[in-house]
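This report refers to the structure that appears directly beneath it.
Residue numbers (the numbering used here): -12 to 100.
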């Protein structure tokens, strides 16, 4: 069943599904703020957490997986957000046929920069 965010508010049977999707999306963005809050510094190179380290490159000098420049950190957290929303969640993928969630992620990312 394809649901558009702005077309289902009047349908009682779909309202619960709409609210569930909205909660999932809002939770994803709230959770990701823990890793890259609004007050992060572009000069800070010491942000690290095991949650998104898997998305960081391997350092040639040390063999360590770590995001060193903040750009790598922003990239890793963005990929984490994409994965949180779309990997293993076919309902969200199906509901997102018009790429609204991609637009939300891009707006979030532009706000961070």
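Ideal placement from N, C-alpha and C gives every residue a C-beta, glycine not left out.
By the beta-carbon neighbour count (other beta carbons within 10 angstroms, threshold 16), residue 7 is exposed.
Assignment of residue 89 by DSSP, reduced to helix, strand and coil, places it in the helix class.
Taking a C-beta distance under 9 Å as the contact criterion, residue 63 and residue 42 qualify as a contact pair.
For secondary structure counted as the alpha helix (DSSP H) over 4 or more consecutive residues, the region 48 to 75 holds these complete runs in sequence order: 57 to 73.
Nearest to residue 22 by C-alpha distance, out of 49, 11, 59 and 3, is 59.
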